[in-house]
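Residues in the sequence shown are numbered consecutively from 71, following my numbering.
The beta-carbon is built from N, C-alpha and C at its ideal position, and this holds for glycine as well.
See structure below.
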Amino acid sequence: MEIFIGLAGLIIAWLTYNKTFNSKPDEERNNLLGIFIATQKLHLEVQSIIQKYIDDNDGANHQLYPNITFQQYLIVAKEEYEKGLSDKVYQELKTNKNYTKSNIATFQDMIYTQHNALLQFRSQLLFLESSTQIEN
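Structure representation (structure tokens):
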């Protein structure tokens with residue numbers, strides 16, 4: 071009887087280990103893909119706000135930051151979007167089954183950081199947009 075209990079405990083421990091460390095990271099991947107899509111949309115919204123500012127205020131050469139114009143920033147934002155948030159990158163994350171839970175967690179942390187920075191930047195742009203509308 072003791073041997074049976076010991077074997078049952080060993081089997082349960084082995085199953086738990088496999089489920090925890092060797093299972094497919096489907097839930098983690100789905101979470102990553104969700105935040106990825108949200109960040110994609112947010113990035114495109116930020117680009118749209120910048121483009122609208124440029125169009126409405128003839129603001130391509132206005133300074134966004136010291137030595138950085140709105141147009142320069144928009145060009146870089148579009149390039150960065152293609153490198154890190156494009157549909158091609160999304161498909162790679164979605165279909166590549168070689169990513170481990172650790173890889174996915176790292177990607178997710180990077181996307182969260184970018185998402186939060188974009189939220190703050192969007193808020194600043196919306197404030198700028200509302201203040202320029204008041205002036206006009």
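Can you tell me which of Leu85, Ala108, Leu134, Arg99 puts its alpha carbon nearest to the alpha carbon of Leu198? Leu134
Proximity of Tyr123 and Phe140 at Cβ, strictly below 8 Å: yes
Which class does Thr183 belong to by DSSP, given the choice of helix, strand or coil? helix
Where DSSP assigns a beta bridge to Gln133, which residues make up the other side? Thr139
Cβ-Cβ distance between His185 and Ala83 below 8 Å: no
In three-state terms, what does DSSP make of Tyr160? helix
Taking a contact to mean a Cβ-Cβ separation below 8 Å, would you say Leu195 touches Val146 in this structure? no
By the three-class DSSP mapping on this structure, what secondary structure does Leu155 have? coil
Quick check: the Cα distance between Tyr155 and Leu163, rounded to an integer number of angstroms? It should be pointed out that residue 155 corresponds to Leu in this sequence rather than to Tyr. Roughly 11 Å separates the two Cα atoms.
Unbroken alpha helix (DSSP H) run spanning Thr170, endpoints: Run containing Thr170: none; DSSP gives neither H nor E here.
Taking C-beta to C-beta, are Ile174 and Glu72 nearer than 8 Å? no
Quick check on this structure: which residue in Thr202, Thr86, Leu112, Pro95 has the alpha carbon closest to the alpha carbon of Tyr182? Leu112
Excluding the five sequence neighbours on either side, which residues of its own chain have a C-beta within less than 7 Å of the C-beta of Thr165, listed in chain order? none
Nearest residue (CA-CA) to Phe177, options Pro95, Leu85, Ser118, Ile75: Pro95
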